[in-house]
Structure formats: C-alpha cells, structure tokens
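Numbering (mature numbering (1 follows the signal peptide of the UniProt record, and there is no 0)), first residue to last: -26 to -1, 1 to 1119.
Presented below is the structure to which this report refers.
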Amino acid sequence: MRGAAASHLAARLALVLALVSAPSLPGGEAGAQPAGRRGVAPGNPYQTAPQATQPGASQPGPQSAPAAAGTAPAAAPPRLADAPAQPFLRLEAGAHTAAVSRLATDASGHLLASASADKTVRLWSLPDGAPRGVLRPPIGPGVEGELYAVALSPDGATAYAAGFTGQSWDGTFAIYRFDTATGRLTARFTGLPAPVEHLAVSPDGSRLAAGLKGRAGLRVWNTADGAPVFDDAGYGGPVRMVAFDPAGRLVTSSADGRVRLYGPDGRRLAERAPLPGAIPYGIAFSPDGALVALGYENRLRVEILSATDLRTVLVPDPGRLQGEGFPGVAWAADGRGGVQLYAAGYARTGPGAFVVRRWTDFGLGAGSDVVAARDSIAHLLPLPGGGVAYAALDPGWGRIAGDGTVALAPASPAADFRNTGLALAVSPDGLRVRFALRADAPPLVFDAASRQLGTEAGAPPTPPQAAGTPAAPPPGAPPVAVPAGPRPLSPGPISPAPISPGPPAALPAGAGDKDSGGRRGVVVTGGERGVVVPEAGQAPAARPGAGLPGLAGNASAPPGPALLAPNFAGPFVPARTESPRLPLSGWRDTNRPRLGNAPLMLGEGEFSRSAALLPGGGGGDAGVLLGTDTHLRLFDAAGRPVDALLAPAPALGVTVVGTVAVAAFADGTIRWYDLPLDPAGAPQPGAGGLRERAALFVHADGRRWVVWTPEGLFDHAAEGGQDLVGFHLNAGRSRTPEWASFAQAYRPLYTPAAVQARLRGDAGPAQQRMAELGDVRGRIGRQPVLARRRLCAVRGDTCTALRWNAAALPEGATALRLTFAAQDRGLGTGPVDVLVNDRLAARAETPAQGGEVTVEVPLDPGPNRLATRLYAGDRALFAQGPALDLRRPEDYDAPVSAGRLLVLAVGVDTYANPQLNLRYAVADARTVSDTLRAAAQGLYREVKVTTLTDGQATRQGVLDALAAIAAEAQPEDTFVLYVGGHGVLTDTDHRFLFLGSDVRDTSSFAVLRQQALDEGALVAALARIRARDGFLFVDTCHSGQITVDSLAAVGNETGRFMLAASTSAQEALDSYDDRNGVFAYAVREALSGRAAMDADRRVSALSLGEYVMRRVPQLAAQRQHRQDAVFRTAARDLRSFPLGQVPPR
C-alpha cells in the first residue's frame, strides 16, 4: 500500500486543534511525510501514529505540525447562533464511510455501538452484526459533528457520543446523550474546553467519564442528573483512554507519558510514567480488577500493571510483527473459562495485513496473531460472551470469537480511493469517468450519458468486497447467483439504426392508421392522434378521436435523458502533474507544494493529496488545481490563489478537462465542478468560483450507484441506490435532527433529465424543477411521525403481547398486529405501509390529521425484518417509522417447497371508447404470459397463469384478479404482473392511471380518475400478495420518459422488481415484427437465451430486467422510433430469483 495515501488523516487533528487553539505538544516539523503504511491513532480518526523517520526527515508529532513555508494559520470559523438550519446532503450507505474510532457494548453483549468521523453512531446487534439503527448529532460544515467517542449504559438504553461536537455554536464542546430505542437526542453535557477523545460508563451505570484532547484533562459526571463528580485538569497532553473497574476505580492513559489511577471519589491513588519516551494509549482493567493492561502508541509493547500502584508486573512477548504501536488492548474470555489478553493497532505482518495479537492465560501464555483488517485497528472492546470487537480504519468494525478466529470482518460500503485516486480519469466531454473501487479491482467507467456503470471494454467483471451477505432464496426455491460487479458491455452504439428526431422513413403496415390508435401512443397536443385538453370552462374539442388528457405542461416538459448506448471505451484524460514549462513539486502528501518557484499557500496542518495542471492556450500551462485534506484549491500560473472550496473529505484524486474538474474523495464520492476560467483557459478570479455540478457514489458492491445535484435531485442505478444518500436537517443544538433519504422523497426528487443536464453544465432544468417543487426541503423537515404503541403476535384466535425490542417470535405466530400513533406536523397523514423482508406486505389508511392506526401483517417463514413508513397527506414523501427484526424459535422448521409462479397478464385492445382502441396489447399480454409459462417449467412446483383481455380487463376485473391471487399466494411463491394498454399521468400530482377497457369518458382528469385504475389502488392490492418475490411489467404509453420515471416510484414503494416501458408522446410504434410490440419482443428474447444466464442456463429477474432495459431503445431505433424502458430493484441486498430456464441447444 502507498503509505502516504492514508496519511491525509494526520493533518485532520492538526486542523481540529488549530480551530480550538489547543496547545500543541512538541512534535517537530511537518514537511514531506515518510513513506510506508501509516497507522492512524484511534482517539481521533484523523491522527496518524508515530513511526520511524527516513534519514534527513523529521518525524511529525502526534498532535499538530507547526506552520511551514507556504502555510497559513487556520482561521477559526465564525461562531454560529445555533446548529445550521440548511439541509446537509449526506451519505447513508448502511455502514460507516469514514474511520471508526471507538466501540461500546451493553452489559449483555447484545448491542454494539460504533462512532465514526462520518458524523454518525451506528447501532448493531451481536453476535450477528446486523444493523439496529443510526444516531445523528447536530452537525455543521467541516469537522463539526465528527464523532471520536461513544459509550453505552449497561442496559443499552442510553448512548453517549462526542468528538468535535457543539463548538461551532456553543464555543465549547458537548457530549450528546441518546435514547437507543428511538434514536432521540435526550440531553447534552456542555461546557467542555476541548474535543472528547474517549468515553466510558461505570459498570453500575452511575458515572460517565470523558478523556479530553489538548491538555484539558479528565471529567466525570453523575449519569442520573448530569452533575459533575470530579475532574482533573493536571495533564500535559491528551487523555487517550479511560476505563472503570467493577469497584468504580478509574484508570487513564495520556500522551504526556503517564498513567493515572483514581478512586471512586476522584482521589488520585497512583501515577506513573512506565516507559520514558513512550506514549501510553490503550488501557483496560482485567475482569477481576487486579491488573491493568497498557498499550503504547509508539511502541510494539504491552505492559501488565498492578492495579494498586501501577508498577509493571509483566511484559508479554510482542512477537516479530512490523509496525509502531499497540494503542488498543483488552482482556476477554476465551469461552472455556480462561481469560486472554489482546492487543492491536499499527501491528501488521505485511502491507494491508493488520493483526490482533492474543496471549492466553492473562498474558502469561503463548502469543498468536490473526490478520483482522486492511488498515490500522483503532480500538479493542471485550465482549461479554467472549472474544473482542475491534474498530478499524478500513473503515468498519469486526469481531474475533473466543477461539481467536475472525467471526466478522470490517466491510466498507464505499470505494477506497487511497491507492487509486491518483488514477482518476475523465473523458474529453466530462461525462464519462474512469476509476477503481479499490487497488485490487479493475477500472470501472460511469457513463453519465447512458446512465450506466460498467467495466472498460474487454475487462472482465471482478466480484467486489460486498458489505454484507445476500439473503438466501426462499425455502426450496432454486437459488440464483446474482453476478457481482458491473457487466462488461461493448463500447459504442448497440444498434446501427439512429434515433430519428423527425418522422420515420418507413413504418410497419398499419402503424400510422388513424383508426388504429397506434401502438399505445397518444400525443398531448396537435398531430393526428393528439388532443387538446380543454381549458377550464371551455368545451371539449369536437373532433372525433379526442383520446386522452395529457400531463399539464407536458408539451414543453423535458423529454428525459437521451437514449444512448453505454460507451465505456476511451479516451480518458488523467491528471497531468509534470510540465517542463511550469514545474509542480511537493504536491503529494506534503504541506509544502510549489508551482515553479512559488509556494502554494495551504492552511495550517493542511496537506496536499492530489494535483492537476491546467492546460492554457497555445500549449502553455495556466495554473493548478490542488486537492487537500480539507479543500479544493485553485491557483494561477504564478501560484496566486484564485479560489478554494471546502471539500466533503480529503481529495485523493483530481483531474481537469476543459472547464470541468472531477475529484475523488476519501468518503467514496466522485464529484464534478465548474472551473472559473477565462477564454484563454486561465483561472479567473470573480468568475463564479469553483462550483459543484453533481456527485456520484458507487457502492462497494459494484452495482448500486446514485448521482445527485447540489439541490438534491437524483438518479440511481437499476439495481438501487436511492437509499444511499439523504438530507440531514438540524433541529437546533439540543434536538434530534431530521433525516430523509432520497428514497423517502423519491417522487419529487427523482429527475434523471435534470441530473444529466447538471452534469453537462446546464443548471436550468434543476432550478426549474426546484421552483416547481417549492420548499421541498422544508417539507422534509415537517414529515409526519410514526410512533410505536402496541404490538402482539397472532396465533390462531389469540394475540400475544410482545415488547417492541423483542428479538424472537412466539411459536406458531402467523402474523403481527401493530398499533401506531401517526402525528401530523403540517403535511397531513397518508397511509401506513409495513414492509416484510423488503417487500410491501400491508397498507392501512390513517385519519387525515393523524391518530392511531392498527395494521395486521402476515409473517414469512423464518426471519422477519419489518420496516414501517408513514406517508404525508399528498403521498409525495414518507417518514421512516419503527423497525423490527424478529426470528423464529431455534427449533422452527421452515416449510420446504419450491413454490409456484403466479402470473397475471392484462392486455386491452378494445375500449368502451373506440377512439382508444389498440392493436397489439392483447397479443403482447399473451406473448409474455406464454413465454413465462414455457420458460418457468421445471423451476417451480406449478406455473399458474391468469390472462385478462379486453372486456375482462376492466378496473374492477383487474382488482378482483389481484384479490384472488392474494387469497392463495404464499411466501414461497413468486408473483408476476404484466399490464399492457393505455397509461397516463394525472395533471397535478403526476400519479399513474391504467385505463381498463371500461373507460369511456376522457374529457378531463377528474372524470378519468373515477374510471381508471390508479396507482394507489394498485399498490394497495399488491401489498396483500404475500409472495416473497415479485416482478411488475408495465407496458403503457402516453408521455414517454415522464411516465416511466413516475412508474419507477412504484417499484421504490412496493419493494418489487419494476420494468416499465413507454413510447414517447410524439411517436407511436405499432409493433416490432407485426406480432408484438418492442417491449414484449424484448421480454421474449430475454427468456429465449439472449439475456445473461447462470451455469444452469437460468435467467434471473435481475438479468431479464437489465437486458430489456438496454434492448428496448435499440429495437425501437431499428424502426426509426424512440421508446424508453426503466428497470428498478427496490431491495438493498440485490437478491434475485429465477424467471426462466433456457434448454440446451
């Protein structure tokens, strides 16, 4: 590993200390940092551990670095009146995206908390490591809100968290207290002079101790009332760790070289500097309180001290490890009645192989090492059931079992650009970016034009390190392997036929007949098949064939992203850092960069991590863009600063093309920026400055991605990604912040066209969309609240009351009955949805202004993971409610069955209004159902197909058929719905309406709503279908991409696979081959062997959806038409299921 790649963490603490004006310890000068892998000291996740220096290089100190030439003292930010009210766009990838510094557990060992510089505390269940919740403090820009310490009360009901917290508005620092069951911020401990490095709660839960940075010392409070118990400011350096013994004594370690022991009354019982020149760090009492284990920050040495006078009684053998220190130590049971001693930190067996060392018999026995992380280990925590948990800077946390094996390994959900960021490259138009998720992975390309992610042409996909394990298929069902990572796709156009913007040169016979209605195509205004929606008070047009009302304003609405084939080939432009005309030096991992002879000014403690020279006119060089720990900085050719922009994380790679800069950051994001350049390409002061265009986050699974604009508009991958980013809204310094993911505000904010325009440099569509939405961020802050009330498990005629935090279901439970209180906060309240194992399982309406609501939810065999949602009155956004994770008794035997495939196919050619008639909807419904019936034989116990056509396919007929399937579907079954016919969006709230055959009057949307099947009724009907796996095919047309984008929201809300297609409003393609439309033709191709198959020649839902999504626009283009398709998966685990099997040829 490139050691300096991670050394951006070293400067972070220097910045923190500069901001609070804490005095520095002697540390020497910080110039070029030594090569080799640098470990990161766990107290602050941005502080590096000491290591041996190179000849001629001085060693950076553990606290901060004096300003060098070319640096300026860091200016303290202006004091805020309160926590900022503006929303912050934050990553929410299900796990930490920055260094994890501390862990805590309750006395039972069932709950673990982790604190991170990503400004969250995460709660996890033990021993399985399943996520339990997220605690969010008030945050601000920069380091405000970074968390370095966490502690739990013995009963796990209360969490304490702190770090760089509160200083921006209080002027002093604070510790936050949270209720772990609700996530609510319940209190603050304020007035601290420095950030908190470590927290500990006494075994009886009565006291909270905090070790502070700088020379601020130790503080102890009574947890019952927050009253101070004692403090000690007599420290010459930061308090690294604090620990209680069973009797209430307290021991501390400090960077001033000393260890201190206190009695329960705060009296100092002993003080000692065990090893001259060594920096004490990790400290822990033995289970009986008789011994103290001490690890050093700058020595591979552990000492066992007497817990009475702190004298050294034993030094275990550290083995032959590489590294600089053991800042983490712990005593833990081995599961056989013995006690083992653990140590970890910067010790490693080689690059990227950081170990936990374990000695048996209280440290007297033999030592052994287990490789546990790819980066430094920040903290060790003994677990009540045996073994230890450990925090790593990978980032993540893991668990070592009592037998010394790694039971859980750290798994980051983010890309690791520390060793790949400098290889970042971008296409000349700025729309394709090439990067690698990690050092051992092949490059990926994100193509913004086609909205796809893939490998470069010819490069095989590489399974990424996924953060989690996909869920198992239903009992007895044939498993389907979901291919990990992006698929290699051929560069260039898929189809040789261009998409013509004008009239088609030739169409299949009958495609243009006026009396046919075309292929589900109805234009909004004008044209042969068009209608004009009458204005209020105006009589409808008298012309026959006055088809359907159009979406208000649709004639001028953006048509959606261009249907382009993905292009993953070059050329790509990497950063240029060498020039004979304008030498750039000292830019890599130093705080002394120079451009020619001019020093480039950085802040105190700020280190440069990446750079790109700017090409000027006439082949010259116009300046340089630097990426640092804290900023993007733009300089002209003379080295004068032109602009600086606060970075979301250290900038580990930058590159420039034209007026666009692209940067890769340590949080795993890639971001596009406008460069303020004059016509000659030189940086221009006052030209608008560096401005962010958009940001991209690709999950470590290599499949999910999300791209968003500074306004909060977003697009995402077919496989998901809408839950990876969201809005953090502070509610003041003392109240719980609001949180809403993009998934919760999917309908107003999912706007692929505006996002793509932003990436091209056009902010107009995004600004127009935000103007249409109004104060959507303010509405997010007023989302309704769903609070838990009562819970019971249904068993026959009885309902057994359960605790909300219960983990086990009683034997024989078939359903849950949940009662909630819905609280309106100004937006009204809509339905409550309950999702079971990521699919919508129940929906209940609430009183319009809130109140109690009860929902009965059928349970799946085996584990049941429940999530709840409460919609606002307009159903445009929802609030997350209480969650449950319930398991069956250990002796429960899930029924073993391959399940059935239940198919409902609906097609309408003949309408009560003849002007709506179509030609191929019925044929398409039959083609899709017949293809599924044939392809699924042998995969399922039974394939049952219901087909509704024309007169059968009324609104009520469709609802009755869905109700019949709901009555017989079981969890092990798979359900497929196909609907083909006319579909429109309503004019005001953009809701999808499917027109059954009984629709007659289309004079207005108000009339049409009364006749058509609206998406709300469809979603409610789907909620009653218990089949674990489901796939929705929607083949309608009217308003092109706008309809397709709206239908994507249905997939987001139901947890079902969603594949939707629509012709554009301006074109109508009757059929592809005089038998079927493009969509049905592509489905038939996919299940006939054209889509990707596994080793058993099975076509999965994921494979089918991806194939049809790419194939539909290609087939349409071959007929000189435009047709769009969208594929969406809603579950986070990307679990797929089979839909067909192709016989061998």
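Ideal placement from N, C-alpha and C gives every residue a C-beta, glycine not left out.
Assigned exposure category for residue i - 16 Cβ within 10 Å defines buried
i, result
"A531", "The predicted model places A531 with a pLDDT of 31, which falls under 50 and marks its position as unreliable; any figure quoted below should be read in that light. When all chains shown are included, A531 counts as buried."
"P653", "exposed"
"D1003", "buried"
"Q930", "exposed"
"V287", "exposed"
"H(-19)", "Residue placement at H(-19) is flagged as unreliable, the pLDDT there being 41, under the threshold of 50; the coordinate-derived value follows with that caveat. Classification of H(-19): buried, given that the 10 Å Cβ count is 16 or more."
"L558", "buried"
"S127", "buried"
"residue 1120", "The structure shown has nothing for residue 1120, since the chain only spans -26 to 1119."
"T725", "buried"
"V456", "Low per-residue confidence applies at V456: pLDDT is 33, beneath 50, and the placement is therefore not dependable, though the value from the model is reported in the following sentence. Buried, since its Cβ has 16 or more Cβ neighbours within 10 Å."
"Q314", "buried"
"Q28", "With a pLDDT of 28 at Q28, under the threshold of 50, the modelled position of this residue cannot be trusted; read the value that follows with caution. By the 10 Å Cβ count, Q28 comes out exposed."
"Q60", "exposed"
"R1119", "exposed"
"L279", "buried"
"N196", "exposed"
"Q823", "exposed"
"G748", "exposed"
"R777", "exposed"
"G311", "exposed"
"T604", "buried"
"Q984", "exposed"
Residue i, enclosing beta strand (DSSP E) - first and last residue
i, result
"S227", "L224 to S228"
"I351", "I351 to P356"
"Y1055", "First-last for Y1055: V1052 to E1059, but that is the alpha helix (DSSP H), not the beta strand (DSSP E)."
"W679", "W679 to W682"
"Q1115", "P1112 to Q1115"
"V882", "Element bounds for V882: n/a, residue is neither H nor E."
"R96", "V95 to S99"
Supposed close pair residue i, residue j - CB separation, criterion 8 Å
i, j, result
"A347", "G372", "7 Å"
"D641", "T139", "No, D641 and T139 are not in contact; Cβ-Cβ is about 19 Å, not under 8 Å."
"A258", "L284", "Contact doesn't hold; Cβ gap of about 14 Å is too wide."
"R1071", "V1116", "5 Å"
"A980", "L969", "Rounded, the Cβ-Cβ distance is 15 Å, inconsistent with contact."
"L801", "Q854", "About 15 Å separates the two Cβ atoms, so there is no contact after all."
Contact check, residue i vs residue j, beta carbons under 8 Å
i, j, result
"V95", "V124", "yes"
"G735", "D648", "yes"
"G299", "V344", "no"
"R408", "P417", "yes"
"T803", "G847", "yes"
"L224", "V233", "no"
"D1025", "V1073", "The sequence shown places Gly at residue 1025, not Asp. Their beta carbons are not under 8 Å apart, which means G1025 does not touch V1073 by this criterion."
"P684", "E666", "yes"
"A585", "A549", "yes"
"R843", "D798", "no"
"G686", "R751", "yes"
"L619", "L670", "no"
"D924", "V902", "no"
Residue range of the alpha helix (DSSP H) that includes residue i
i, result
"S142", "Q141 to D144"
"Y1081", "A1075 to Q1092"
"V117", "V117 -> no alpha helix (DSSP H), and no H or E assigned at all."
Minimum Cβ-Cβ distance from residue i to chain D less than 8 Å
i, result
"A375", "The structure shown contains no chain D; it holds only a single protein chain."
Meets three-Cβ-pair contact criterion under 8 Å: the segment 391 to 405 and the segment 587 to 594
No, the segment 391 to 405 is not in contact with the segment 587 to 594.
Should the segment 66 to 81 be regarded as contacting the segment 352 to 364, the criterion being three or more beta carbon pairs within less than 8 Å?
With a cut-off of 8 Å on Cβ pairs, the segment 66 to 81 is in contact with the segment 352 to 364, counting three or more such pairs.
Cβ contact check for the segment 264 to 277 and the segment 248 to 255: 3 or more pairs under 8 Å:
Result yes; three or more Cβ-Cβ pairs closer than 8 Å.
Would the segment 167 to 187 and the segment 708 to 716 be scored as touching if the rule is three or more Cβ pairs under 8 Å?
Contact fails: fewer than three Cβ-Cβ distances are below 8 Å.
Indicate whether the contact test is met: 3 or more Cβ pairs, each with one atom in the segment 53 to 61 and one in the segment 603 to 610, closer than 8 Å.
Segments in contact, no.
Given 8 Å as the limit, is there contact between the segment 876 to 894 and the segment 943 to 955, that is, 3 or more CB pairs closer than that?
At 8 Å Cβ cutoff, the stretches touch.
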